[in-house]
Amino acid sequence: MTEHATPPEPFIDREISLIFQGDWGQANLHRICGWLCQEIGDRSAPGSRFGIWSGRGGTDAVRAVLAQDVDAALLTPTAAAAGITAGAGPLAVPGADRLRALGTLPQRDRLVTCVDAAFGVSHTGELAELLPSLRIATSPDDGVNLIGAAAHRLLGAHGITPGRLEQAGGSMLYAERPFPAIAAFRDGGANVLIHEAIMTPAWQRVAEHRPVTYLDVDPAVVAAFADWHWPTATVPAGYLPGLDHDLEALEFSDFLLVCRADLPDDIASMIAWCLVATREALEVQYHHLPPDRSPVSYPLDPKAIASTPVPLHPAAEATYAALGEGASAAGALMWA
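Under our numbering, the first residue of the sequence shown carries the number 42, and numbering increases by one thereafter.
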């Protein structure tokens with residue numbers, strides 16, 4: 042995008058009813074939904090109504106949008122959506138061709154494999170030789186949870202399945218969200234952790250009770266995820282406790298806001314306008330955290346917001362082109 046004069050502030054001069062879907066209620070997706078509901082509501086006719094449904098930020102977001110249960114939904118990571126147009130990956134569900142993007146909320150995350158250093162391994166493929174000893178903490182692969190889908194595909198690339206693991210004497214410890222799994226690993230209930238949210242304080246405590254090792258993904262994992270158009274990414278040395286090298290892990294960044302192709306143009310345009318022009322109202326809620334430890338990256342980059350792995354809604358795309366990089370209409374900020 043190139044810099045332009047900021048277009049006039051939009052207003053929807055009719056009553057609208059708009060339903061978003063976020064996360065379980067306490068995490069970043071719900072915060073983003075709340076921000077957008079307020080900003081859109083301030084620029085819509087009196088009597089307009091806005092709601093937020095709780096979700097899980099996985100395949101349920103796509104299904105809820107396509108089923109017309111909600112108007113827009115957030116999911117993470119965007120890498121899971123990269124294969125949709127090719128009919129590949131966990132989000133390539135029937136009807137996905139009707140899916141459009143409204144924007145991306147950038148954040149930097151990875152799916153990391155961390156093990157008890159006593160195992161003496163350095164790559165994920167070596168876990169296949171240790172099955173009787175493994176107690177793996179991650180999320181379930183239940184058709185919705187994208188952490189679980191990715192973790193099980195990683196393990197499966199090395200022939201490790203829950204059934205084979207249990208038959209050998211190992212076990213899986215499942216939790217919907219990262220923090221119970223991270224705590225189980227930290228406290229010794231698990232000796233392998235495959236999870237995300239690496240910017241959070243919980244990850245800084247994983248080595249409190251014993252040395253740990255972070256495992257680089259093997260070529261077999263890279264190949265398995267390439268079939269899903271899902272890339273790897275680096276965790277820089279020193280970012281996690283005891284990480285002494287640049288780690289190759291699975292990309293797990295960014296929040297993607299999706300809708301259907303038939304979302305009214307003025308609503309799609311308004312959402313895109315608010316994502317860019319009022320972004321400071323979201324950013325300021327994270328300023329107590331260093332940028333590289335924030336679960337929402339700041340300052341938010343309009344170019345990154347407009348970059349999506351599935352096609353943008355045409356009205357959103359036109360709005361981003363008109364806004365350029367300098368638009369700001371956040372006004373007086375609650376958390377400044």
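Cβ coordinates follow ideal geometry from the N, Cα and C atoms, glycine included. These figures come from a predicted structure and were not determined experimentally.
Spatial neighbours of residue i in its chain, beta-carbon cut-off 7 Å, leaving aside the 5 residues before and after
| i | result |
| --- | --- |
| Arg139 | Leu107, Arg301 and Ala302 |
| Gly24 | Outside the shown range of the chain, which is 42 to 377, sits residue 24, and nothing can be said about it. |
| Pro252 | Ala158 and Gly283 |
| Ala313 | Leu143, Gly144, Ala357, Thr360 and Tyr361 |
Residue span of the alpha helix (DSSP H) that contains residue i, given as start and end
| i | result |
| --- | --- |
| Tyr361 | Pro355 to Leu364 |
| Gly144 | Segment Leu140 to Leu146 is the beta strand (DSSP E) holding Gly144; no alpha helix (DSSP H) there. |
| Ile346 | Pro343 to Ile346 |
| Leu256 | That residue, Leu256, is in no alpha helix (DSSP H); its beta strand (DSSP E) goes Val253 to Leu256. |
| Val153 | No alpha helix (DSSP H) contains Val153, which is instead part of the beta strand (DSSP E) from Arg151 to Asp157. |
| Thr100 | Thr100 to Leu107 |
| Arg194 | Leu187 to Gly197 |
Chain-order list of residues whose beta-carbon lies under 6 Å from that of residue i (same chain, five-residue window excluded)
| i | result |
| --- | --- |
| Ile177 | Met213 and Val233 |
| Ala216 | Ala222 |
| Gly279 | none |
| Ala198 | Ala261, Val262 and Ala265 |
| Asp306 | Ala356 |
Limits of the beta strand (DSSP E) - the one that residue i falls within
| i | result |
| --- | --- |
| Gln62 | Ser58 to Gln62 |
| Ile177 | Arg176 to Thr179 |
| Ala113 | Ala113 to Leu116 |
Candidates the options, of which the one nearest residue i by Cα
| i | options | result |
| --- | --- | --- |
| Val351 | Leu288, Gly144 and His250 | Gly144 |
| Asp54 | Trp65, Ala318, Gly88 and Gln245 | Gly88 |
| Thr254 | Gly283, Gly136, Cys78 and Ala120 | Gly283 |
| Asp257 | Thr241, Leu291 and Cys74 | Leu291 |
| Phe293 | Leu353, Glu50 and Thr119 | Thr119 |
| Glu366 | Ile308, Ala158 and Leu341 | Leu341 |
| Ala261 | Ala105, Thr165 and Ala347 | Thr165 |
| Gly136 | Leu59, Arg104 and Asp333 | Arg104 |
| Gln79 | Thr319, Ala191, Ser338 and Pro336 | Thr319 |
| Glu56 | Ile308, Lys344 and Thr349 | Ile308 |
Three-state secondary structure (DSSP) of residue i
| i | result |
| --- | --- |
| Ile239 | coil |
| Ser294 | coil |
| Val276 | strand |
| Phe91 | strand |
| Thr43 | Unreliable positioning characterises Thr43 in this predicted model, as indicated by a pLDDT of 49, which lies under 50. A coordinate reading is not provided. |
| Thr349 | coil |
| Thr165 | helix |
| Glu217 | coil |
| Ile53 | strand |
| Thr202 | coil |
| Leu288 | strand |
| Val317 | helix |
| Arg97 | coil |
| Leu374 | coil |
Buried versus exposed, by CB contacts within 10 Å (16 or more), residue i
| i | result |
| --- | --- |
| Trp65 | exposed |
| Thr154 | buried |
| Phe52 | exposed |
| Gln208 | exposed |
| Pro219 | buried |
| Ser379 | Residue 379 lies beyond the residue range present for the chain, which begins at 42 and ends at 377; the question has no answer from this structure. |
| Gln326 | buried |
Beta-carbon proximity list for residue i, same chain, < 8 Å, skipping 5 on both sides
| i | result |
| --- | --- |
| Ala133 | Gly124, Ile125 and Ala127 |
| Ser95 | Gln62, Gly63, Asp64, Trp65, Gly66 and His71 |
| Gly200 | Ala169 |
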